[in-house]
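Worksheet: one structure, shown below.
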Amino acid sequence: MASPSALEQHRQELDDAMRGGLRVALVGVAIGGAAQGLAGWWDSSLNSLPFWRLALLSFSGFFVSACCLLALRQLRARGVSAAAATFALSILPVLLASPWLSGDGLADANLPALGVPILVLALLVSPRAGWRALAVAVAGLVVVGVAHWVGWIEGPQPQRSAPFPVVALGHLLPLLVGGWVAMHYAEVFWHTLRRIEDSRQVTAAALADQQQATAALSAAEEHQRALLDATLTSILIFDVQSRALVLANPQALRRFDATALDELAQDCLFPGGPYDRETARLHFEKTLREGPQYFLWSTVNRHGKRQFWDIKTEQIPYKQRPAVVVFGHDISEQVAARSELARAREVLEEQVTARTLELEQARDRAEQLARSKSDFLAQLGHEVRGPMNTVLGLAHQVLSEADTPPQTRRSLERIHEASAKLLAAVNDAMGFARIAPVAPSEAGFAPSEPLPPTPAQTQPLQGLRALVVDDVPINREILCEMLLQLGARAHAVDSGAAALDWIQREGATAVDVVLMDIQMPDMDGYETTQHLHARHPSLQVMALTANALPEQRAASAAAGMCGHVTKPVEMGELIQALQGLRAPAPAKSAEPAAGTGPTTPPAPAPSSTTELVWDRAGALARCANKASLLRRLLGNFVEQYRREGLPADESARVAWTHRLKGTSANLGLVSLSAAAAAYERELRGDAAAAQGPAPLEALMERQFAELDLWLATQSEEA
């Protein structure tokens, strides 16, 4: 394939040849035109023509010369095509007008020259221009023939005229045949030029792409070389066939204290043992079969210092030959640190073992002392209690006799009272009820172990059946755990409708009490209670809400609720309220009037500097002292309220803030609960608390950040 420069050179040579030929033609035609203009006055044969016609013939000759000079100027300024178009478009009208000016019609001597502008346009401008010029010439020739035939043009003198059909065909046929031949070769000529130009452009584009690819390849090689030189990874390339080291980057040379590739001895790379040449060969073969491999390796530098490497091997082509590249990270310091850590761990384990032995011995001595103390207390209690019971029994026996003298009765009563007090003091001081029996053969707890508390002490609500109705999952879970710890059986639902369905399905006798949240979506606690009492009038329902004002307690009583427990729920308050339900019902007293009784002062409005108060102990107690439950509830609380955010709808915002107030109070988040209460009052129309949601949102973010930190700490400790 010829180069673009050679094709361009050929194109330039062709253009120069066309330019030269056109220049010669234009000069010749210009001279001919001038001669025609002068001959009109010197040729005696034209003296018979009228003066005006003779003048026009002379003018046409000079006009042709002027057009040729203009075309020569266009040739220098704009090129061959412009000059050819100027020449052809100016001479064609002159040739078609000549039969009219000379009066010879089809016998005019200039008509055979019509092929010249057609040929010039076809070859030097475009075949389309040639076809158009041919059409104009044929049309003009037809017009001249018609004018000649009808007598509009006088025609030649009779003595020198030829038959009209012969003259017409003699002009028209050569024009058509010559024009077609000219068009045919013009199209071949221009097609050849276009193919030459297309070949030149394709060749130029291919050459540009090749140059660009070569430049990109050079840049990539330079970039790769720069990466190899600058990377902190040691890189070695081994030839697959010879197993010889063929490349090492500067980082690898520095690690081996070498300056050139030939300084890396085989003993440095393969020091022996599990790190010999045979093992390396197996790794290389596995790389060729299975792809990249990862393993640990050990070498020595030029000075014999041991090094450890984290190795990755891959197969790559290197200089048209298969090769294995080794990427190595020096982990000698990490290996040394692990060795030191292992030695320190061994020393620490020895110290822990010794200390554990000492602690076990101390524990055994302490247990022995505790057993001795317990044995002594048990024996002492037995020795004191026996005589004291005898005294009490005899005193009670004598007092029960009817004939006991009054003076003796009074003395015995004092003896009985004093003995009872003394026995109670002994029991309280020595824990008599929790000391194991004296006889070691009897079953029971060890003397050092306290007796477990009785069910009546730890589970005061044993056997109570409760249904918890609350739309907040955290509140339901906390209350159920408290009830289970107190010995009650608890069921939980998340809405008033669900409570109605549960009672309808299980029956009102399935529970002893319903703990009802007041503010719930769709159906609140008051409406749910009315529906329950409409179906089951004897079912006891207790209000469970964060609202503690007297008018709210009165509203609970008016709805038919038998009690009112405020959130956050305290264990003692819950026990007292539920045990009261199981005790004989007292006479119903009048409800307290609104505005009387103790009231809860409104919480101060939060600010960006409000101190975060967290009653962790209270929250843990409400979670039945289960730290894992508290952690899970706090995590769910933070995730839920972060995800939900403050609702845009005002009615939804009131319910959302109320839930936040109650839930945060149950979790011991005192400051956050107070802030939610203040914003809830603002949403309900309290102008004095108007601060907008910004303080609450800021306090939430601070509280969530503190809880995130605490939860992360608990996770690490766990």
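Following my numbering, the residues of the sequence shown are numbered contiguously, the last one being 1010.
Think of the CB as a built atom: it goes at the ideal place given N, C-alpha and C, for glycine as much as any other residue.
Quick caveat, the model's predicted, so the values are computed rather than measured.
Just reading off the alpha helix (DSSP H) that residue i is part of, what are its end residues?
| i | result |
| --- | --- |
| Ala1014 | There is no way to answer for residue 1014, as the model of the chain reaches only from 293 to 1010. |
| Ile527 | Careful: Ile527 lies outside any alpha helix (DSSP H), inside the beta strand (DSSP E) at Ser526 to Asp531. |
| Thr571 | Arg569 to Glu582 |
| Val442 | Pro419 to Val442 |
| Arg924 | Ala919 to Glu936 |
| Gly799 | It is not in any alpha helix (DSSP H) - Gly799 carries neither H nor E in the DSSP assignment. |
| Arg827 | Gly817 to Arg827 |
| Gln844 | Pro842 to Ala850 |
| Ile445 | Ile445 -> no alpha helix (DSSP H), and no H or E assigned at all. |
| Leu398 | Counting along the chain, Leu398 falls outside any alpha helix (DSSP H), and DSSP gives it neither H nor E. |
| Gln983 | Here Gln983 belongs to no alpha helix (DSSP H), and DSSP marks it neither H nor E. |
| Ala768 | The identity of residue 768 in the sequence shown is Arg, whereas the question assumes Ala. Unbroken alpha helix (DSSP H) run through Arg768: Pro765 to Gln777. |
Taking the beta strand (DSSP E) that residue i falls in, what are its first and last residues?
| i | result |
| --- | --- |
| Val606 | Here the sequence assigns Glu to residue 606, which means Val is not the residue at that position. Looking at the DSSP string, the run of the beta strand (DSSP E) that includes Glu606 is Arg598 to Tyr610. |
| Trp589 | Gln585 to Val592 |
| Pro614 | Arg613 to Asp622 |
| Ala911 | Where Ala911 is concerned, there is no enclosing beta strand (DSSP E), although the alpha helix (DSSP H) it sits in stretches over Arg908 to Arg914. |
| His1034 | Nothing in the structure corresponds to residue 1034, since the chain is present only between 293 and 1010. |
Can you pull the DSSP bridge partners for residue i?
| i | result |
| --- | --- |
| Leu759 | His783 and Val806 |
| Ala712 | Paired residues: none, contrary to the question. |
| Met834 | Leu807 and Gly855 |
| Ala540 | Leu528 |
| Leu961 | Trp906 |
| Gly564 | Tyr567 |
Is residue i near residue j, with beta carbons less than 9 Å apart?
| i | j | result |
| --- | --- | --- |
| Gly397 | Ala429 | no |
| Phe600 | Gln558 | no |
| Gly788 | Glu862 | no |
| Leu528 | Val618 | yes |
| Gln932 | Ser963 | no |
| Thr955 | Leu988 | no |
| Leu553 | Leu561 | no |
| Val356 | Leu416 | no |
| Leu580 | Val639 | no |
| Ala363 | Ser350 | no |
| Ala790 | Val806 | no |
| Leu485 | Ala425 | no |
| Arg637 | Gln811 | no |
| Gln366 | Ala358 | no |
| Leu588 | Asp568 | no |
| Gln983 | Glu972 | no |
| Arg768 | Gln796 | no |
| Leu556 | Phe548 | yes |
| Leu873 | Ala780 | no |
Which residues in the same chain as residue i place their Cβ atom closer than 7 Å to its Cβ, once the five residues preceding and following it in sequence are excluded?
| i | result |
| --- | --- |
| Leu999 | Leu926 and Val930 |
| Arg1051 | The shown model of the chain, from 293 to 1010, leaves out residue 1051, and the question about it has no answer. |
| Val458 | Note that Val458 has pLDDT 48, beneath the 50 cutoff, so the model's placement of it is unreliable and no number is given. |
| Cys772 | Val760, Ala782 and Ala784 |
| Asp957 | Here the sequence assigns Ala to residue 957, which means Asp is not the residue at that position. Same-chain partners within the cutoff: Ala838, Lys859, Pro860 and Ser965. |
| Ala376 | Leu314, Val412, Leu413, Leu416 and Val417 |
| Leu922 | Ala911, Leu912 and Cys915 |
| Gly889 | Residue placement at Gly889 cannot be trusted, given a pLDDT of 39 that sits under 50; what the coordinates show is reported in the next sentence. So the qualifying residues of the chain are Pro842. |
| Pro732 | Per-residue confidence for Pro732 stands at a pLDDT of 40, beneath the threshold of 50, marking its modelled position as unreliable; no derived number is given. |
| Leu904 | Ser963, Arg994, Gln995 and Glu998 |
| Cys854 | Gln832, Val833, Met834 and Leu873 |
Within its chain, find whatever has a CB closer than 8 Å to the CB of residue i; leave out the 5 residues flanking it on each side and keep chain order.
| i | result |
| --- | --- |
| Arg976 | Val946 |
Tell me which same chain residues have a C-beta within less than 6 Å of the C-beta of residue i, skipping the five on either side of it?
| i | result |
| --- | --- |
| Ser624 | Gln599 and Phe600 |
| His483 | none |
| Pro884 | A caution first: Pro884 carries a pLDDT of 39, below 50, which makes its placement in the model unreliable, though a value can still be read off. Here the set comprises Pro842. |
| Gly620 | Ser526, Trp601 and Ile603 |
Using a Cβ-based criterion (distance less than 8 Å to any ligand heavy atom), does residue i qualify as near the ligand ATP?
| i | result |
| --- | --- |
| Val627 | Ligands displayed in this structure: none; no statement on the ligand ATP is therefore possible. |
inquiry  = Under 8 Å: do the region 751-760 and the region 839-859 share three or more Cβ pairs, one atom per stretch?
reply    = Counting Cβ pairs under 8 Å, fewer than three are found: no touch.
ask   = Are there three or more Cβ pairs, one per stretch, closer than 8 Å when the region 602-609 is compared with the region 568-579?
value = The region 568-579 and the region 602-609 touch, with three or more beta-carbon pairs separated by less than 8 Å.
inquiry  = Does the contact criterion of 3 or more C-beta pairs under 8 Å hold for the region 790-803 versus the region 758-765?
reply    = Because the criterion of three Cβ pairs below 8 Å is met, the region 790-803 and the region 758-765 touch.
ask   = Would you say the region 632-650 touches the region 579-587, given that touching needs at least three Cβ pairs under 8 Å?
value = Cβ pair count under 8 Å is below three, so no.
query = At a cut of 8 Å, does the region 497-504 reach the region 533-546 through at least three beta carbon pairs?
reply = Using a C-beta cut-off of 8 Å, the region 497-504 makes no contact with the region 533-546, since fewer than three inter-stretch Cβ pairs fall below that distance.
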